[in-house]
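The sequence shown begins at 6 in this note's numbering and counts up one residue at a time.
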Amino acid sequence: MEQFRINKAISEYSMLIFGMLEHLDDFKKTKISMTENAEVFTVAESLSLVPQSWNKINNLQYADSYGNMIQLWISPDYSYDNSAVLTLDFYLGGVTKTSDSKNISANFSAKLCMEIYQKIAIPLHAAAWDANIYKSGGGSFIIDGDKACDGEQKCLTNITLAELHSICDACTSSHEVCAIAMHF
6 MEQFRINKAI SEYSMLIFGM LEHLDDFKKT KISMTENAEV FTVAESLSLV PQSWNKINNL
66 QYADSYGNMI QLWISPDYSY DNSAVLTLDF YLGGVTKTSD SKNISANFSA KLCMEIYQKI
126 AIPLHAAAWD ANIYKSGGGS FIIDGDKACD GEQKCLTNIT LAELHSICDA CTSSHEVCAI
186 AMHF
């Protein structure tokens, strides 16, 4: 049953990402500030890229039917060529506040993390700036796409399955929030 849920999530994420990438040039032409990013999900909704089973948290975030939080926005100054960048953040397992007021990804799925990299991020290496994992405690794993790969960092084209497994597993027992951030 778990693999069915993972496959369904990958299908939904792929639909959103590939649909948004079709309009990437249009997004790059806009100069949008963080406060205006509510319109990005509105565009995704109008293109029928947001599954009906997802629940809107706010203008930047949705929760899928598996408890993961997805954030979609345009960063006006992230890229190396100063163009706007489409950013998708996947908070696998969502964000849970503990009794001591800390935020954690209580239900982080290393298996879903691996599938996102294997079935979405790596196949899109040519279109991606990067696909990173950020930890709220300050740690991060930077994995560059072709647009930024210079050989000094790990890249989507040369990362091994063992390395991905290690990176995704690092969030499984973590007592912090972990997110996969993909930039296009």
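Glycine included, every Cβ here is placed at the ideal spot set by N, Cα and C.
Just so we're clear, the structure is a prediction, and the values are computed from it rather than from any experiment.
Beta-bridge pairing by DSSP links residue 164 to no other residue. The alpha carbon of residue 186 has as its nearest neighbour, out of 108, 128, 140, the alpha carbon of 140. For a cut-off of 8 angstroms, the C-beta gap from residue 146 to residue 26 is around 23 angstroms, too long to register as a contact. Assigned with DSSP and collapsed to three states, residue 8 falls in helix.
In the DSSP assignment, residue 33 falls within the unbroken alpha helix (DSSP H) covering 29-34. Around residue 109, the same chain offers 101, 103, 180, 181, 182 as residues with beta carbons nearer than 7 angstroms, after the five sequence neighbours per side are excluded.
CA-CA distance, residue 29 to residue 91, rounds to 7 angstroms. Residue 126 and residue 23 have their C-alpha atoms spaced approximately 11 angstroms apart. For residue 113, the secondary structure class from DSSP, reduced to helix, strand or coil, is coil. Within a 10 Å sphere around the beta-carbon of residue 150 sit 16 or more other beta-carbons, which makes this residue buried.
With at least 16 other beta carbons inside 10 angstroms of its own, residue 114 counts as buried.
Here residue 138 is near residue 172, since their CB atoms are less than 8 angstroms apart. In the DSSP assignment, the residues bridged to residue 76 are 66, 94.
Around the CB of residue 50, fewer than 16 other CB atoms lie within 10 Å, so the residue is classed as exposed. Contact check for residue 71 and residue 10: beta-carbon distance about 6 angstroms, within the 8 angstroms limit, so the pair qualifies. At the C-beta level, residue 136 and residue 161 come within 8 angstroms of one another.
Residue 14 sits in a helix when the DSSP states are folded into three classes. With a beta-carbon spacing of about 29 angstroms, residue 111 and residue 134 fall beyond the 8 angstroms limit used to define contacts.
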